[in-house]
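Q: The working numbering numbers the first residue of the sequence shown as 3 and each following residue consecutively.
Backbone N, C-alpha and C define an ideal beta-carbon position, used for all residues, glycine too.
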Amino acid sequence: MRRALDERIARYLPRPQETFADRLQALRRRWRMLLRLSASTTVAYAIATELLSHQQAFFAPISAVIVLVAGAGLRGRTLLELVGGVAVGVLVGELLILGIGRGAWQMALIVSLTVIVATLLGVKGLALTQAANSSILLAAVIPVAGAGNPAVTRFIDALVGGVCGMLMVILLPRNPLRDIDREVQALLERLSLSLADVARALREQDFEHAERALATARGMTGLVASLEATAVNVAEIARMSPMRWRQRQRVEQYVRSVQNFDNAVRDTRVLARRTSAMLRHHEEPPADFALAVDSMAEAVRIFADDLAEDHDFDVARQKLVDAARIAVTSLPSALTLNSAAIAAQVRSLAADLLYASGFTRDEIDDRLDFD
3 MRRALDERIA RYLPRPQETF ADRLQALRRR WRMLLRLSAS TTVAYAIATE LLSHQQAFFA
63 PISAVIVLVA GAGLRGRTLL ELVGGVAVGV LVGELLILGI GRGAWQMALI VSLTVIVATL
123 LGVKGLALTQ AANSSILLAA VIPVAGAGNP AVTRFIDALV GGVCGMLMVI LLPRNPLRDI
183 DREVQALLER LSLSLADVAR ALREQDFEHA ERALATARGM TGLVASLEAT AVNVAEIARM
243 SPMRWRQRQR VEQYVRSVQN FDNAVRDTRV LARRTSAMLR HHEEPPADFA LAVDSMAEAV
303 RIFADDLAED HDFDVARQKL VDAARIAVTS LPSALTLNSA AIAAQVRSLA ADLLYASGFT
363 RDEIDDRLDF D
């Protein structure tokens with residue numbers, strides 16, 4: 003009894019945050035990012051100062067950093083927005099400075115008017131932020147005498163830095179296939195655990211296992227969101243970098259499967275919820291329901307292990323088909339809402355995972371037609 007109480011308390015206690023070792027491991031995985039940042043800022047600053055003779059070339063390394071840390075799949079658009087925002091900011095800021103000079107109250111007016119003009123021109127998002135930042139820097143940093151037109155030089159610096167950042171992404175790309183496979187495996191392993199808990203709940207007629215499965219499935223929302231962002235990012239890398247072009251076909255297969263994995267997680271949430279409802283109302287689950295869900299969990303484990311190597315998925319696909327067939331054919335003659343919903347969700351989950359494995363709609367309809 004004490005052990006059971008301790009387990010229940012531990013389930014609801016907050017889990018420990020990441021450790022220093024976790025952060026160290028994350029740092030090791032970011033060696034490419036560190037190299038890109040170092041190289042792009044150095045090259046951008048060197049070009050702006052040595053080749054172009056700009057004496058206050060801070061915009062060049064700043065622009066390189068902004069492009070490198072831009073959101074997944076947004077680097078190309080970020081470069082255009084960055085240059086456009088800087089252009090608006092330096093233009094409006096420089097015109098105002100020529101008229102009213104520099105100072106505290108001038109800073110407030112310059113920033114406000116820059117944002118107003120940028121908004122009226124349709125500038126938004128990152129470009130709007132850069133327009134405001136550019137006007138602030140123009141107002142705050144007094145140009146060196148004889149350094150030329152600051153509006154022109156800072157615009158050029160932004161372009162130089164942004165291009166350097168983009169080149170580093172192309173020349174030192176991450177391995178897109180490894181990145182997305184790591185996240186898909188993490189998602190599928192968690193999905194398999196949730197399904198295993200559903201199967202155990204049906205087998206032991208214990209709704210608490212179903213509740214735990216539901217909590218696990220709900221907790222995968224962050225994994226799905228991360229996977230979607232990674233899919234956009236790796237697709238961009240595989241498209242832009244010649245070093246990764248040979249991986250484009252496999253990356254595209256992963257990317258196409260992301261929506262199906264999301265659907266599978268949603269199906270699992272409904273499956274766990276319906277299982278919990280059935281057991282809380284003391285409905286007797288059909289004897290083979292647990293077998294069907296176990297078969298589903300095993301198929302997901304096979305996918306998680308073999309997806310990166312592009313192995314033949316015949317075994318996993320057959321387990322999915324068997325799971326759907328068992329669930330549908332084991333329905334009792336006197337259906338309940340929960341039993342019918344569970345069978346429907348098993349079939350829907352099987353279909354989504356078959357889609358992810360590369361099956362077409364016609365192939366799935368043919369395999370899952372049990373009439």
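#1: Using only the alpha-carbon positions, how far apart do Gly167 and Gln58 sit?
#2: Figure out for me which residue from Val323, Gln249, Arg246 and Ser341 has the closest Cα to the Cα of His283.
#3: Return the first residue and the last residue of the alpha helix (DSSP H) that Met109 is part of.
#4: Tell me which residues share the same chain as Asp290 and place their Cβ nearer than 7 Å to its Cβ, disregarding the 5 neighbours each side in the sequence.
#5: Are at least three pairs of beta-carbons, each pair with one atom in the segment 97–107 and one in the segment 162–181, less than 8 Å apart?
#6: With a threshold of 6 Å on Cβ separation, who are the neighbours of Arg369 within its own chain once the five nearest residues in sequence on each side are excluded?
#7: Given that a residue counts as buried once 16 or more other Cβ atoms are within 10 Å of its Cβ, and exposed if not, what is Gly95?
#8: Ignore the nearest five residues each way along the sequence and tell me which others in Ala46's own chain have a CB closer than 6 Å to its CB.
#9: Short check: CB of Val267 to CB of Leu189, under 9 Å?
#10: Under 9 Å between the Cβ atoms of Asp183 and Asp269?
#11: Just how far apart, CA to CA, sit Val226 and Arg303?
#12: Rank Arg246, Leu122 and Leu229 by C-alpha distance to the C-alpha of Val171 and give the top, closest one.
#13: How about Ala198 and Asp296: are their beta carbons less than 9 Å apart?
#14: Can you list the alpha helix (DSSP H) stretches of 4 or more residues lying completely in the segment 167–211, in chain order?
#15: Give the DSSP-derived three-state secondary structure of Asp290 in the structure shown.
#16: Check whether the Cβ atoms of Val200 and Ala215 sit closer than 9 Å, and answer yes or no.
#17: Here's the rule I'm using: 16 or more other beta-carbon atoms within 10 Å means buried, otherwise exposed. How should Val144 be labelled?
#18: Based on Cα-Cα distance, which residue from Ser194, Gln347, Ala141 and Ala231 lies nearest to Ala318?
#19: Would you tell me roughly how many angstroms separate the C-alpha atoms of Thr44 and Ile138, rounded to the nearest one?
#20: Rounded to whole angstroms, what's the CA-CA distance from Arg276 to Thr21? Just pull it up for me.
#21: With H, G and I counted as helix, E and B as strand and the rest as coil, what does DSSP make of Ile68?
#22: Using CA atoms only, rank isn't needed, just tell me which of Leu273, Glu83 and Arg205 is closest to Ala343.
#23: Between Ala50 and Asp159, which are expected to be in contact by the criterion C-beta below 8 Å, what is the C-beta distance as a whole number of angstroms?
#24: Rounded to a whole number of angstroms, what is the C-alpha to C-alpha distance between Tyr357 and Val125?
#25: So, helix, strand or coil for Ala160, using DSSP?
#26: Is it buried or exposed for Pro288, if we count other Cβ within 10 angstroms and need 16 for buried?
A: Considering the structure as presented:
#1: Distance between Gly167 and Gln58, taken at the CA atoms: about 19 Å.
#2: Selected option, being the one with the closest Cα: Ser341.
#3: Start and end: Ala106 to Leu122.
#4: Taken in chain order, the residues that qualify are Ile328 and Ser332.
#5: These segments do not touch.
#6: Here Arg369 has Val323 as same chain residues with Cβ atoms under 6 Å from its own Cβ, once five neighbours each way along the sequence are excluded.
#7: Buried, since its Cβ has 16 or more Cβ neighbours within 10 Å.
#8: Correct list, in chain order: Ala62, Pro63, Ala66, Val162, Gly163 and Cys166.
#9: Cβ distance < 9 Å, so Val267 and Leu189 count as in contact.
#10: Contact flag unset, no.
#11: Those two C-alpha atoms are separated by around 17 Å.
#12: Measuring from the Cα of Val171, the nearest candidate turns out to be Arg246.
#13: Cβ atoms of Ala198 and Asp296: closer than 9 Å.
#14: Runs found: 178–206.
#15: Asp290 falls in the coil class under three-state DSSP.
#16: Yes; because the gap between Cβ atoms is below 9 Å, this pair is in contact.
#17: Reading the sequence as shown, one finds Ile at residue 144 and not Val. Counting other Cβ atoms within 10 Å of its Cβ, Ile144 stays below 16 and is therefore classed as exposed.
#18: Cα-wise, what sits closest to Ala318 is Ser194.
#19: The alpha-carbon atoms of Thr44 and Ile138 are separated by roughly 24 Å.
#20: Roughly 37 Å separates the two Cα atoms.
#21: Ile68 falls in the helix class under three-state DSSP.
#22: Answer by Cα proximity: Leu273.
#23: Contact flag correct, Cβ pair sits at about 5 Å.
#24: Their backbone Cα atoms lie some 40 Å apart in a straight line.
#25: The DSSP-derived three-state label of Ala160 is helix.
#26: Looking at its Cβ environment, which holds 16 or more other Cβ atoms inside 10 Å, Pro288 is buried.
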